[in-house]
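Take the sequence shown: its position 7, counting from 1, is numbered 104 in our numbering, and each next residue is one higher.
Since the structure comes first, as C-alpha coordinates, the remarks are kept for the end.
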Amino acid sequence: FKNKNYFDKSLRKFIDQIQVQIINCLGNSTPSNHSQAQALRDLNKMQMEHLEGKAQ
(Lines of atoms letter the chains of each structure in order from A and count residues from 1; the text may use other names and numbers.)
(Lines give C-alpha, C1' and ligand atoms only; values in the text may rest on other atoms or scores of the structure.)
Protein backbone atom coordinates (compact mmCIF):
# COMPACT_ATOMS: atom_id res chain seq x y z
CA PHE A 1 0.00 0.00 0.00
CA LYS A 2 1.97 2.96 -1.33
CA ASN A 3 0.28 5.76 0.56
CA LYS A 4 0.31 4.07 3.94
CA ASN A 5 1.40 7.12 5.95
CA TYR A 6 -1.16 9.27 4.21
CA PHE A 7 -3.81 6.66 4.83
CA ASP A 8 -2.94 6.31 8.52
CA LYS A 9 -3.24 10.08 8.89
CA SER A 10 -6.59 10.22 7.11
CA LEU A 11 -7.88 7.28 9.16
CA ARG A 12 -6.92 9.02 12.40
CA LYS A 13 -8.65 12.17 11.17
CA PHE A 14 -11.74 10.13 10.25
CA ILE A 15 -11.87 8.51 13.70
CA ASP A 16 -11.35 11.87 15.41
CA GLN A 17 -14.28 13.34 13.46
CA ILE A 18 -16.59 10.49 14.49
CA GLN A 19 -15.54 10.79 18.11
CA VAL A 20 -16.20 14.54 18.05
CA GLN A 21 -19.67 13.90 16.58
CA ILE A 22 -20.44 11.34 19.27
CA ILE A 23 -19.22 13.63 22.03
CA ASN A 24 -21.39 16.40 20.60
CA CYS A 25 -24.42 14.10 20.47
CA LEU A 26 -23.85 12.91 24.01
CA GLY A 27 -23.24 16.45 25.23
CA ASN A 28 -26.36 17.86 23.61
CA SER A 29 -28.66 15.40 25.29
CA THR A 30 -28.50 13.87 28.73
CA PRO A 31 -27.96 10.32 27.57
CA SER A 32 -28.51 7.19 29.53
CA ASN A 33 -25.73 4.66 29.86
CA HIS A 34 -27.59 2.65 27.25
CA SER A 35 -27.35 5.34 24.59
CA GLN A 36 -23.68 5.94 25.41
CA ALA A 37 -22.99 2.24 24.98
CA GLN A 38 -24.93 2.27 21.71
CA ALA A 39 -22.91 5.23 20.43
CA LEU A 40 -19.66 3.46 21.28
CA ARG A 41 -20.85 0.29 19.53
CA ASP A 42 -21.74 2.35 16.45
CA LEU A 43 -18.31 4.01 16.54
CA ASN A 44 -16.53 0.67 16.78
CA LYS A 45 -18.64 -0.75 13.95
CA MET A 46 -17.85 2.22 11.71
CA GLN A 47 -14.13 1.92 12.49
CA MET A 48 -14.14 -1.78 11.68
CA GLU A 49 -16.04 -1.23 8.42
CA HIS A 50 -13.58 1.51 7.46
CA LEU A 51 -10.60 -0.76 8.21
CA GLU A 52 -12.15 -3.66 6.32
CA GLY A 53 -12.79 -1.42 3.33
CA LYS A 54 -9.13 -0.36 3.42
CA ALA A 55 -7.92 -3.95 3.57
CA GLN A 56 -9.63 -4.95 0.33
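For every residue, glycine included, the Cβ atom is placed at its ideal position computed from N, Cα and C.
For residue i, the three-state DSSP class (helix, strand or coil)
i    : result
N102 : helix
Anticipated Cβ contact below 8 Å, residue i with residue j, distance rounded
i    : j    : result
I115 : M143 : 6 Å
Rounded separation between residue i and residue j - CA only
i    : j    : result
N100 : I119 : 28 Å
Q133 : N141 : 12 Å
G150 : N121 : 26 Å
N102 : L137 : 26 Å
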